[in-house]
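Notes follow the structure.
In full-length UniProt numbering, the protein residues as written are 1 to 626.
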């Protein structure tokens, strides 16, 4: 619920909009026209017939106009917007042209800002900090910090966000989040702005504020198109152009004033108790005969019903410039600049996550003390020699389950933000992935060294710098490899499925790791190959060789005969006598690289427009999501 005070504040914030129409940078006009667009998807099941979402729809959206795509749920509104944005390309037939020329998708992405329905904003950053990051990435290395600041200040002032510029993104209101989603995309002044359900979840005041913003953007010459579901009359009247869909066909294309005459042309009278938008949606919902009749009148969108007066009103005040939009297909920032900006942003977010850092510090400290207590003093005791193997295994298990589950749970949310920023060309995937790879390294090193230092000391392992460093490096590399595996899982699956898959992967890795314990010298050759699948095995072997290889005899305190007084006997029984620390660490490092490569390829595939539309992914998604 929104209080009256909050609503009043929103109104006060938005008052400057009307006065600033002529002071903000305008853009050359870009018109979008599409002809006979069709799109079908194959539902789950290999024998399922394709389901047609759009059926030969046509239309034209002009610069300087605020256009609304309306229709009942399932009519194809978001699908049409996704196709126009280039977010969906596979399975689409028909033509799309920009300023009368066939659309070049790479060029179009440089001109277009697509703002999705979800308010996908990075958390733990203030509004001002997020805007500065957007300015650094989108304006480029050649724009001074003063110019970037001036651009940010102008946008925040125009959108009424000055009062919350020092507020964190997770603490601002819903209306402010919507406007901030628009603000970050305005930094590079795109001539085309596409918005999917920008008013969903907002109260009437916030809805009016957002539409006022879109009006201003259109008045500056931009092509502003948004999907919207049954807007109130006060909001509906602000749109210059409307495009109604029903059952995948266009039932109306034109200005608001012509909706009632359009309905009358097929014998439908709009009651005075209805707004035209409500009534046309009501009469076409589930009524294919009515939808078909209305569609035939306007030739499925090819005809535009625009009154004579509307032809002059809708484009009044628009910046009339026939200059072709000049674009640089390269990113305005270099690879290194993108990496530095993104890495600085990630470290800022990490440092502000006090609860997360405290929880990790607590869990690592408790685990270190518990492991050290459970295996206290066993380091040089021949009677408890096998306890050292279980100690190494326990340390490895801690790193595995700690660093496997965290990215598997958290990254599915992060990838949604990545998709928006990457699609709107904030940065390239390679610098982003490098920043993600190094994001947790400082904290991982600090907490990993803490665990190794405490457990190594409490278990009375050899006081040798070389052995300690080797053991520590083993634990750190296991953590890094496991984090890569978790990132790969989080890149492919959603949170619920990722949790299950991560656990299912960890179990066989552990089983293969301990296979052959006690009769290592007689392990079958084929099983040695299978055991190589488990990177955990390489980690445990590396840890054991770091501590026990080339070591003197253990102490035998209470027995005349201690079977494992010679450490080599224990290594032999475990199948680790001839193991090489370097080779096992190399294998562990290779696995770490493989997991990162899988994560990178999975992310890159998810960022392609074909990901959500290919037959295989649709089938798999149906299985995994239900």
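Quick reminder that beta carbons are idealized off the backbone N, C-alpha and C, glycines included.
So if DSSP puts residue i in a beta bridge, which residue, or which two residues, is it bridged to?
| i | result |
| --- | --- |
| residue 381 | 555 |
| residue 281 | BP columns for residue 281 are empty, so no partner. |
| residue 42 | 50 |
| residue 179 | In DSSP, residue 179 forms no bridge with anything. |
| residue 594 | The partner list for residue 594 (beta bridge, DSSP) is empty, contrary to what the question assumes. |
| residue 258 | DSSP, once it has assigned bridges, lists no residue as partnering residue 258. |
| residue 629 | Here the chain has residues from 1 to 626 only, and residue 629 is not among them. |
| residue 253 | 243 |
| residue 68 | 226 and 242 |
| residue 196 | 227 |
| residue 589 | Residue 589 pairs with nothing; no bridge assigned. |
With H, G and I counted as helix, E and B as strand and the rest as coil, what does DSSP make of residue i?
| i | result |
| --- | --- |
| residue 157 | helix |
| residue 205 | helix |
| residue 399 | helix |
| residue 550 | coil |
| residue 357 | helix |
| residue 429 | helix |
| residue 508 | helix |
| residue 100 | coil |
| residue 168 | strand |
| residue 497 | helix |
| residue 222 | coil |
| residue 112 | strand |
| residue 276 | helix |
| residue 94 | strand |
| residue 138 | helix |
| residue 227 | strand |
| residue 652 | Any question about residue 652 goes unanswered here, given that the chain covers just 1 to 626. |
| residue 237 | coil |
| residue 375 | coil |
| residue 525 | helix |
| residue 465 | helix |
| residue 59 | strand |
| residue 27 | coil |
| residue 126 | strand |
| residue 606 | helix |
Pick out whichever of the options has its Cα sitting closest to the Cα of residue i.
| i | options | result |
| --- | --- | --- |
| residue 584 | 538, 271 and 191 | 538 |
| residue 298 | 399, 576, 101 and 252 | 252 |
| residue 376 | 461, 305, 350 and 353 | 461 |
| residue 489 | 480, 499 and 436 | 499 |
| residue 448 | 468, 438 and 472 | 472 |
| residue 55 | 75, 63 and 61 | 75 |
| residue 214 | 167, 149 and 64 | 64 |
| residue 60 | 543, 30, 147 and 436 | 30 |
| residue 604 | 508, 491 and 572 | 491 |
| residue 153 | 142, 206, 144 and 165 | 165 |
| residue 401 | 456, 360, 577 and 459 | 360 |
| residue 641 | 277, 363 and 112 | No information on residue 641 is available, as it lies outside the stretch 1 to 626 that the chain covers here. |
| residue 40 | 85, 70, 32 and 90 | 90 |
| residue 586 | 565, 470 and 383 | 470 |
| residue 478 | 399, 78 and 422 | 399 |
| residue 595 | 497, 514 and 433 | 433 |
| residue 357 | 334, 446, 588 and 86 | 446 |
| residue 73 | 157, 122, 247 and 42 | 247 |
| residue 143 | 337, 543 and 228 | 337 |
| residue 633 | 114, 134, 103 and 148 | Absent from the structure is residue 633, since the part of the chain shown begins at 1 and ends at 626. |
| residue 574 | 593, 543 and 598 | 543 |
Rounded C-beta distance between residue i and residue j? I'm assuming under 8 Å.
| i | j | result |
| --- | --- | --- |
| residue 482 | residue 581 | Not really, about 19 Å apart at Cβ, beyond 8 Å. |
| residue 443 | residue 350 | 7 Å |
| residue 419 | residue 607 | 6 Å |
| residue 531 | residue 509 | Actually they are not in contact, since the Cβ atoms of residue 531 and residue 509 sit about 10 Å apart, beyond 8 Å. |
| residue 653 | residue 235 | With the chain covering only 1 through 626, there is no way to say anything about residue 653. |
| residue 131 | residue 184 | 6 Å |
| residue 160 | residue 179 | 7 Å |
| residue 127 | residue 172 | 7 Å |
| residue 628 | residue 300 | Nothing can be reported for residue 628: it is not among the residues displayed for the chain, which extend from 1 to 626. |
| residue 238 | residue 187 | No, residue 238 and residue 187 are not in contact; Cβ-Cβ is about 25 Å, not under 8 Å. |
| residue 379 | residue 459 | 5 Å |
| residue 232 | residue 204 | 6 Å |
| residue 245 | residue 106 | At roughly 28 Å, the Cβ-Cβ gap does not stay under 8 Å, so residue 245 and residue 106 are not in contact. |
Any heavy atom of the ligand MN closer than 7 Å to the CB of residue i?
| i | result |
| --- | --- |
| residue 229 | Ligands displayed in this structure: none; no statement on the ligand MN is therefore possible. |
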